[in-house]
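K.L.:
Let me give you the structure first, and then I'll get to my questions.
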C-alpha cells in the first residue's frame with residue numbers, strides 16, 4: 005500500500021442499497037480498489053442522528069456490508085469496517101467539534117433540509133454536528149481523496165476548512181483531502197420523479213430499485229417509470245425521465261448515452277423500458293446471489309469487519325495520538 009494515495013468513503017446502513025447507490029458510488033469504489041489504498045466503512049454512527057430501531061440498525065449494517073462485498077469490494081484489497089468499531093472516530097470528532105464554528109455548521113444545506121422535515125424541538129445535536137463526525141472519518145485516515153456526489157461537496161469543503169484551521173494553529177497534522185470526481189457525472193434519478201435523486205426514503209416504492217429487488221419487481225417498476233408525452237427517445241434535459249433510463253442503460257453496458265438514444269430511434273418508450281429492465285436484472289443477478297450467500301454466512305461477515313476494524317484502528321490511532329498531543333492532552 006506504500007506510495008498509493010488514500011481514499012475514504014462510507015454509506016449509512018439503511019438496509020439494501022439502491023441502484024442509484026450502486027451505479028453512482030459503489031461501482032466506482034470497486035474500480036478504485038486496485039489503484040488506491042481504500043478505506044470503506046458502514047457509517048452506523050451517522051445513522052443514529054435520526055431515530056432508528058436498534059434491531060433494524062443491526063440488520064441493516066450487515067446488509068450494507070454484504071452489499072459492498074457482493075458488488076465487488078474485496079476485503080483483501082480494501083479496508084472494510086464498521087464505523088462504531090473504531091472508537092477514534094468519536095474521540096477525534098469531539099476534538100474537531102472544538103475547532104468548528106456554530107455559524108458554519110448552521111449553513112450546511114443538508115442540515116437545513118433535514119431540519120425542515122422534523123419538529124424543531126426534536127432536532128438533535130448529532131444532526132447539527134454530523135459534518136464534524138464526517139470530517140473526523142476522513143481526516144483520521146489522512147485521506148488524499150474522497151469520492152463525493154454534489155450533495156456531499158459542502159461537507160467535504162467544511163472538512164477541508166477544519167483541517168486547514170487545525171494545521172494553521174498546530175502545524176501540519178492532517179492531509180487536506182481533495183474531492184475525487186468521477187469522469188461519469190450522470191446521477192441516477194427517481195423513476196417516479198426524474199428531477200429528484202433516486203432514494204429509498206421516497207414514499208413511493210416504484211421510485212427506486214433495490215439491489216435485492218426480484219426480477220419481476222424490477223420489470224414492473226421500470227414499466228411504471230415516468231417519461232413524457234413526446235414519444236421520441238432523445239438524450240436531453242428536456243426529457244428527464246428518458247435521460248435517466250438512458251443513463252442507467254449506459255452505466256451498465258458502457259455504451260455512450262448518445263449511442264443508446266440513436267439505437268432507439270423510432271422504437272418508442274415501451275421497448276426502451278423493457279430493455280433497461282433486462283440489463284438491470286442481468287447486472288443484479290450475480291450480486292443478489294452473493295448477497296443471499298453472505299447473509300447466510302454471518303461468520304464470514306464478522307471476520308471481515310473484525311479484520312477491517314483492526315486495520316482501520318492501526319491507522320486511525322496514529323492520527324488521533326498526534327492530535328491529542330498537539331492540543332495538549334497528557335498521554336496515558
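Numbering (my numbering), first residue to last: 5 to 336. Virtual Cβ for every residue (Gly too), placed ideally from N, Cα, C. These figures come from a predicted structure and were not determined experimentally.
1. Are residue 85 and residue 309 close, meaning C-beta to C-beta below 7 Å?
2. Are residue 235 and residue 198 closer than 7 Å when you measure CB to CB?
3. Provide the residue span of the alpha helix (DSSP H) that contains residue 84, from first to last.
4. For residue 150, report the span of its beta strand (DSSP E) as first-last.
5. Take the Cβ of residue 250 as the centre, count every other Cβ of all protein chains shown within 10 Å, and call the residue buried at 16 or more, exposed below.
6. Give me whichever residues DSSP pairs with residue 13 in a beta bridge.
7. Quick one: Cα of residue 325 to Cα of residue 318, how far?
8. If you check the beta carbons only, do residue 238 and residue 265 fall under 7 Å apart?
9. Looking only at DSSP bridge pairs, what is residue 201 linked to?
10. Among 56, 288, 330, which one has its Cα closest to the Cα of residue 23?
11. Per DSSP, what are the beta-bridge partners of residue 214 in this structure?
12. Drop a sphere of 10 angstroms on the beta-carbon of residue 67, count the other beta-carbons inside from all chains shown, and report buried for 16 or more, exposed for fewer.
13. So, helix, strand or coil for residue 268, using DSSP?
14. Taking all protein chains shown into account, do 16 or more other C-beta atoms lie within 10 angstroms of the C-beta of residue 168, making it buried, or fewer, making it exposed?
15. What residue ranges within the region 237 to 283 form continuous alpha helix (DSSP H) runs of no fewer than 4 residues, ordered along the chain?
16. Any idea if residue 98 is buried or exposed, counting beta-carbon neighbours within 10 angstroms, 16 or more meaning buried?
17. Measuring straight from C-alpha to C-alpha, what distance separates residue 192 and residue 27?
18. Using C-beta distances below 7 Å, list every residue in its chain close to residue 260, excluding the 5 sequence neighbours before and after it, in chain order.
19. Using a 10 Å radius around the Cβ and a threshold of 16 neighbouring Cβ atoms, would you call residue 356 buried or exposed?
20. Between residue 200 and residue 211, what straight-line distance do the alpha-carbon atoms span, to the nearest angstrom?
21. Taking the straight line between their C-alpha atoms, what separation do you get for residue 185 and residue 147?
22. Would the region 92 to 108 and the region 130 to 149 be scored as touching if the rule is three or more Cβ pairs under 8 Å?
23. Could you tell me the boundaries of the beta strand (DSSP E) in which residue 105 lies?
24. Do the region 100 to 111 and the region 69 to 78 make contact, defined as three or more Cβ pairs closer than 8 Å?
25. So, with DSSP's three-state summary, where would you put residue 286?
26. Classify residue 136 as buried or exposed, calling it buried when 16 or more other Cβ atoms lie within 10 Å of its own Cβ.
P.N.:
Here's the rundown:
1. Counting from one through the chain shown, the residue named residue 85 turns up at place 81. Counting from one through the chain shown, the residue named residue 309 turns up at place 305. Their beta carbons are under 7 Å apart, which means residue 85 touches residue 309 by this criterion.
2. Position 231 of the chain shown, counted from the start, is the residue given in the question as residue 235. Position 194 of the chain shown, counted from the start, is the residue given in the question as residue 198. Not in contact: residue 235 and residue 198 (Cβ atoms no closer than 7 Å).
3. Counting from 1 along the chain shown, the entry for residue 84 is found at position 80. Careful: residue 84 lies outside any alpha helix (DSSP H), inside the beta strand (DSSP E) at 83 to 86.
4. On the chain shown, residue 150 is found 146 positions in, with the first residue counted as 1. Element bounds for residue 150: 149 to 151.
5. The sequence position of residue 250 within the chain shown is 246, counting from 1. The residue in question, residue 250, is buried, as its Cβ has 16 or more Cβ neighbours within 10 Å.
6. Position 9 of the chain shown, counted from the start, is the residue given in the question as residue 13. 44.
7. As a first step, residue 325 must be located in the chain shown, where it is residue number 321. As a first step, residue 318 must be located in the chain shown, where it is residue number 314. Taking the straight line joining both Cα atoms gives about 11 Å.
8. One-based indexing of the chain shown puts residue 238 at position 234. One-based indexing of the chain shown puts residue 265 at position 261. Cβ distance < 7 Å, so residue 238 and residue 265 count as in contact.
9. Residue numbering aside, residue 201 sits at position 197 when the chain shown is read from its first letter. Residue 201 is bridged to 193.
10. Start at 1 with the first residue of the chain shown, and residue 23 comes out as number 19. The shortest Cα separation from residue 23 among 56, 288, 330 belongs to 288.
11. To locate residue 214, count along the chain shown from 1; it is residue 210. According to DSSP, residue 214 bridges with 22.
12. By 1-based counting over the chain shown, the position of residue 67 is 63. That one is buried.
13. Taking the first residue of the chain shown as 1, we reach residue 268 at position 264. Looking at residue 268 - three-state DSSP - the assignment turns out to be coil, as it is neither helix nor strand.
14. In the chain shown, counting from the first residue as 1, residue 168 sits at position 164. Residue 168 comes out exposed.
15. 244 to 257, 261 to 267
16. Position 94 of the chain shown holds residue 98. Exposed is the call here.
17. Within the chain shown, the letter at position 188 stands for residue 192. Within the chain shown, the letter at position 23 stands for residue 27. Cα to Cα, the separation comes out at about 7 Å.
18. Position 256 of the chain shown, counted from the start, is the residue given in the question as residue 260. Result list for residue 260: 254, in chain order.
19. Nothing about residue 356 can be reported from this structure: the residues present for the chain run from 5 to 336 only.
20. Looking up residue 200 in the chain shown gives position 196. Looking up residue 211 in the chain shown gives position 207. Their Cα atoms are separated by approximately 10 Å.
21. Counting from one through the chain shown, the residue named residue 185 turns up at place 181. Counting from one through the chain shown, the residue named residue 147 turns up at place 143. Between residue 185 and residue 147, the C-alpha separation is close to 15 Å.
22. yes
23. The residue labelled residue 105 in the question sits at position 101 within the chain shown. Residue 105 -> no beta strand (DSSP E), and no H or E assigned at all.
24. no
25. The residue given as residue 286 occupies position 282 in the chain shown. Helix at residue 286.
26. For this step, residue 136 is matched to residue 132 along the chain shown. That one is buried.
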